[in-house]
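For the sequence shown, this note's numbering gives the first residue as 3, with consecutive numbering after it.
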Amino acid sequence: MKKKRIILISVVAVALVVCLALAITFIVLNVGAHRHRFGDWEIIKQPTCLEYGIERRTCKNCEVYEDRPAARLGHDFSEQNVCKRCQYEIPVTEGLYYTLSEESYAVSVGTLAGDVKEIYIPRYHEGKPVGSIAMNGFSGRAITAVHIPDGLKEIGNLAFSECEELTECSMSITATKIGNLAFNGCSSLKTIEIPPYATLGDNLFHDCAALNNVTIPQTVTQIGWGLFGGCTSLKTVSVGASISTIKSSMFEGCTALTDFTFADGITEIEANAFKDCTALSGLVVPKSLKKFGAACLQSCTSLDKITYAGTKKEWIAIQKELDWLANLDAAKDFHVYCTDGILNRWNVEISE
Ligand SMILES: [Zn+2]
Ligand SMILES: [Zn+2]
3 MKKKRIILIS
13 VVAVALVVCL
23 ALAITFIVLN
33 VGAHRHRFGD
43 WEIIKQPTCL
53 EYGIERRTCK
63 NCEVYEDRPA
73 ARLGHDFSEQ
83 NVCKRCQYEI
93 PVTEGLYYTL
103 SEESYAVSVG
113 TLAGDVKEIY
123 IPRYHEGKPV
133 GSIAMNGFSG
143 RAITAVHIPD
153 GLKEIGNLAF
163 SECEELTECS
173 MSITATKIGN
183 LAFNGCSSLK
193 TIEIPPYATL
203 GDNLFHDCAA
213 LNNVTIPQTV
223 TQIGWGLFGG
233 CTSLKTVSVG
243 ASISTIKSSM
253 FEGCTALTDF
263 TFADGITEIE
273 ANAFKDCTAL
283 SGLVVPKSLK
293 KFGAACLQSC
303 TSLDKITYAG
313 TKKEWIAIQK
323 ELDWLANLDA
333 AKDFHVYCTD
343 GILNRWNVEI
353 SE
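Next up, the structure:
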């Protein structure tokens, strides 16, 4: 009787140990490999008028978190051009010219004093908002800096075109439209902040030869063609997932661009998009891409590698228009790395 009891206790004990071991293994495996379930974004660093903050969300089941920038607030100006939040006052430039249409002013250059190189645009003029920078408003002027106040909505076509000495442009975070060729030929401009909800016009930064670093925010959805055409210093550019098409001539002649990673969700690369990007050596292409437009990679003489997130069969099925990959010096070494093998430019499988 006693012996039976000992055996029973032993069996139960062993069963318990086995159960415990299984449970621990299950927990360990799950923590290691679970799909994170993130909570809501919370602000962990408050943005200010000028500085970005930080938002964070944390997994409900582990310690993993993700951060993203919290948009800066932008100044909130009174009719006296003083920020209600931080008390910054715009030192408004004398001699600007204002045209009233409906209830707001469009501003342009007027009779500036000869030595004025830095322009401060007011948010309000004679009690009414300054809503826009006029078409051609400052084009061709020898100005070095322009401060566009938060609150201003629109920058007209050609507004700063050929301002060859312009090195600094502080942008209105609330701008909703930046017109065609607005910064065309601003050959000294190195960087610029693109407002989060702006529509970007055609050839916006055409021939901005010094522009080297630009981020198109995730929230921008409409861009024109030829956005960075001829930006020969452009090395780093980040394009948000909200843009599904790389527009025609978007990077044409960007001879310093060495690599480019498309956001997942891109479906089309239009004609001439990367034409003459002679330093471009590699591209990472998502599975979402359905079409390479005509001449889109023409004369990319350094390009020898595309990393594709789909299979060989899916790569071959992508529509490729005339001369999409013409004039490659590296053609003989050009490889497409698919998930299930490597193809050359004639879709022949090769082994490495
Ligand atoms: Zn987790
Ligand atoms: Zn402020």
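Just so you know, even glycine gets a beta-carbon here, dropped at the ideal spot from N, CA and C.
- Item | Assigned secondary structure, Arg347 (DSSP; H/G/I helix, E/B strand, else coil) | One-based indexing of the sequence shown puts residue 347 at position 345. The answer is coil: DSSP assigns Arg347 none of H, G, I, E or B.
- Message: If distances are taken between C-alpha atoms only, which option among Phe253, Ile196 and Ser189 comes closest to Gly181?
- Response: Residue mapping note: residue 181 aligns to position 179 of the sequence shown, counting from 1. Cα-wise, what sits closest to Gly181 is Ile196.
- Buried or exposed (CB count within 10 angstroms, at least 16 for buried), Ile45: Taking the first residue of the sequence shown as position 1, residue 45 is located at position 43. Residue burial annotation: Ile45 is exposed, with fewer than 16 other C-beta atoms found within 10 angstroms of its C-beta.
- Message: For ligand 1, I want to know if Val148 counts as a neighbour, meaning its beta carbon is within less than 7 Å of at least one of the ligand's heavy atoms.
- Response: The residue labelled residue 148 in the question sits at position 146 within the sequence shown. Because no heavy atom of ligand 1 lies under 7 Å away, the Cβ of Val148 does not count as near it: no.
- For Asp342, which residues from the same chain have a beta carbon less than 7 Å from its beta carbon, with the 5 sequence-adjacent residues on both sides left out? The residue given as residue 342 occupies position 340 in the sequence shown. If we look at Asp342 and ignore the five residues flanking it on each side, its Cβ neighbours are Thr313 and Lys314.
- Message: By the three-class DSSP mapping on this structure, what secondary structure does Ala108 have?
- Response: By 1-based counting over the sequence shown, the position of residue 108 is 106. Strand.
- Message: Is the beta carbon of Phe294 closer than 8 Å to that of Lys249?
- Response: As a working mapping, residue 249 is identified with position 247 in the sequence shown. As a working mapping, residue 294 is identified with position 292 in the sequence shown. No.
- When burial is assigned at 16 or more other CB atoms within 10 Å of the CB, is Val216 buried or exposed? Walking along the sequence shown from the start, residue 216 turns up at place 214. Burial call: buried.
- What does a CB cutoff of less than 7 Å around Arg74 pick up in its chain, not counting 5 residues either side in sequence? As a working note, residue 74 is residue 72 in the sequence shown. So the qualifying residues of the chain are Pro49, Thr50, Cys51, Leu52, Glu53, Tyr54 and Ile175.
- Task: Less than 8 Å between the CB atoms is what I'm expecting for Leu291 and Ile268, so what's the real figure, rounded?
- Result: Residue 291 sits at position 289 when you count from the first residue of the sequence shown. Residue 268 sits at position 266 when you count from the first residue of the sequence shown. Rounded, the Cβ-Cβ distance is 6 Å, consistent with contact.
- What are the partner residues of Glu44, as DSSP defines its beta bridges? Translated into the one-based positions of the sequence shown, residue 44 becomes position 42. For Glu44, DSSP records a beta bridge to Arg58.
- Message: Which residues does DSSP list as the beta-bridge partners of Asn215?
- Response: Within the sequence shown, residue 215 is the residue found at index 213, counting from 1. Bridge partners of Asn215 according to DSSP: Thr193 and Thr238.
- Item | Beta-carbon proximity list for Ser141, same chain, < 8 Å, skipping 5 on both sides | By 1-based counting over the sequence shown, the position of residue 141 is 139. Contacts found: Leu160, Ala161, Phe162, Ser163, Glu164 and Cys165.
- ligand 2 heavy atoms versus the CB of Tyr90: any closer than 7 Å? Along the sequence shown, one-based indexing puts residue 90 at 88. Yes, Cβ of Tyr90 sits closer than 7 Å to a heavy atom of ligand 2.
- Query: Is Arg125 near ligand 2, judged by its Cβ being under 7 Å from some heavy atom?
  - Reply: Within the sequence shown, the letter at position 123 stands for residue 125. No; taking the cut-off as 7 Å, the Cβ of Arg125 has no heavy atom of ligand 2 nearer than that.
- Query: Is the beta carbon of Leu330 sitting closer than 8 Å to the one on Thr303?
  - Reply: Along the sequence shown, one-based indexing puts residue 330 at 328. Along the sequence shown, one-based indexing puts residue 303 at 301. Yes; because the gap between Cβ atoms is below 8 Å, this pair is in contact.
- Item | Collapsed DSSP secondary structure at Ala319 in the structure displayed | Taking the first residue of the sequence shown as position 1, residue 319 is located at position 317. Reduced to three states, the DSSP call for Ala319 is helix.
- Query: Sorted by chain position, which residues of the same chain lie with C-beta nearer than 8 Å to Thr280's C-beta, five sequence neighbours on each side aside?
  - Reply: Here the question's residue 280 lines up with position 278 in the sequence shown. Answer for Thr280: Thr257, Ser301, Cys302, Thr303 and Ser304, listed in chain order.
- Is the beta carbon of Ser373 less than 8 Å from the beta carbon of Asp209? Summary: the structure shown does not reach residue 373, with the chain confined to residues 3 through 354, and so no result is reported for it.
- Determine the direct distance from the alpha carbon of Pro124 to that of Ile150, and round the result to whole angstroms. The residue you call residue 150 lines up with position 148 of the sequence shown. The residue you call residue 124 lines up with position 122 of the sequence shown. So the two alpha carbons sit approximately 8 Å from each other.
- Message: Rounding to the nearest angstrom, what Cα-Cα distance links Val287 and Ser246 in this structure?
- Response: In the sequence shown, counting from the first residue as 1, residue 287 sits at position 285. In the sequence shown, counting from the first residue as 1, residue 246 sits at position 244. Answer to the nearest angstrom: the Cα atoms are 13 Å apart.
- Check the C-beta distance from Phe262 over to Cys298 and give it rounded, since I have them as a contact under 8 Å. Counting from one through the sequence shown, the residue named residue 262 turns up at place 260. Counting from one through the sequence shown, the residue named residue 298 turns up at place 296. Phe262 to Cys298, Cβ: 12 Å. No contact.
- Message: For Glu167 and Gly187, what's the separation of their Cα atoms in angstroms?
- Response: Looking up residue 167 in the sequence shown gives position 165. Looking up residue 187 in the sequence shown gives position 185. Using only the alpha carbons, I get a separation of about 10 Å.
- With C-beta atoms as the reference, is Leu102 less than 8 Å away from Lys130? Against the sequence shown, residue 102 aligns to sequence position 100. Against the sequence shown, residue 130 aligns to sequence position 128. For Leu102 and Lys130, yes; Cβs fall inside 8 Å.
- Query: Whose CA, out of Arg58, Trp43 and Tyr67, lies closest to the CA of Arg37?
  - Reply: Translated into the one-based positions of the sequence shown, residue 37 becomes position 35. From the listed residues Arg58, Trp43 and Tyr67, the smallest Cα separation to Arg37 is found for Tyr67.
- Message: What I want to know is whether the C-beta of Cys188 ends up closer than 7 Å to one or more non-hydrogen atoms of ligand 2.
- Response: Against the sequence shown, residue 188 aligns to sequence position 186. Outside the cutoff, so no.
- Strand pairing of Leu202, partner residues [DSSP]: Translated into positions along the sequence shown, residue 202 becomes position 200. Per DSSP, the beta-bridge partners of Leu202 are Ile180 and Ile225.
- From the DSSP output, in three-state form, read off Arg70 for me. Position 68 of the sequence shown, counted from the start, is the residue given in the question as residue 70. Strand.
- Query: What is the rounded straight-line gap between the Cα of Val241 and the Cα of Asp266?
  - Reply: The count along the sequence shown starts at 1 and reaches residue 241 at position 239. The count along the sequence shown starts at 1 and reaches residue 266 at position 264. Rounded to whole angstroms, Val241 to Asp266 spans 11 Å at the Cα level.
- Query: Looking only at C-alpha atoms, which of Trp326, Leu285, Glu316 and Leu324 sits nearest to His337?
  - Reply: Along the sequence shown, one-based indexing puts residue 337 at 335. Ranking the options by Cα distance to His337, first place goes to Leu285.
- Who does Ile352 pair with in a DSSP beta bridge? Within the sequence shown, numbered from 1, the residue matching residue 352 stands at position 350. Its beta-bridge partners are Ile344.
- Message: Please report the distance separating the alpha-carbon of Ala72 from that of Pro198.
- Response: Counting from one through the sequence shown, the residue named residue 72 turns up at place 70. Counting from one through the sequence shown, the residue named residue 198 turns up at place 196. Rounded to the nearest angstrom, the two C-alpha atoms are 11 Å apart.
- Query: Ala200 and Gln220: beta carbons closer than 8 Å?
  - Reply: For the purposes of this step, residue 200 is taken as residue 198 along the sequence shown, with counting starting at 1. For the purposes of this step, residue 220 is taken as residue 218 along the sequence shown, with counting starting at 1. In this structure, Gln220 does not lie closer than 8 Å to Ala200 by Cβ.
- Query: Which residues in the same chain have their Cβ closer than 6 Å to the Cβ of Tyr99, if we skip the five residues on either side of it in sequence?
  - Reply: Position 97 of the sequence shown, counted from the first residue, corresponds to residue 99. For Tyr99, where only same-chain residues beyond five positions count, the Cβ hits under 6 Å are Ser110 and Gly112.
- Message: Any heavy atom of ligand 2 inside 7 Å of the beta-carbon of His38?
- Response: The residue labelled residue 38 in the question sits at position 36 within the sequence shown. Answer for His38: no, Cβ out of range of ligand 2.
- Does the separation of the CB atoms of Gly97 and Ala108 fall below 8 Å? As a working note, residue 97 is residue 95 in the sequence shown. As a working note, residue 108 is residue 106 in the sequence shown. Contact flag unset, no.
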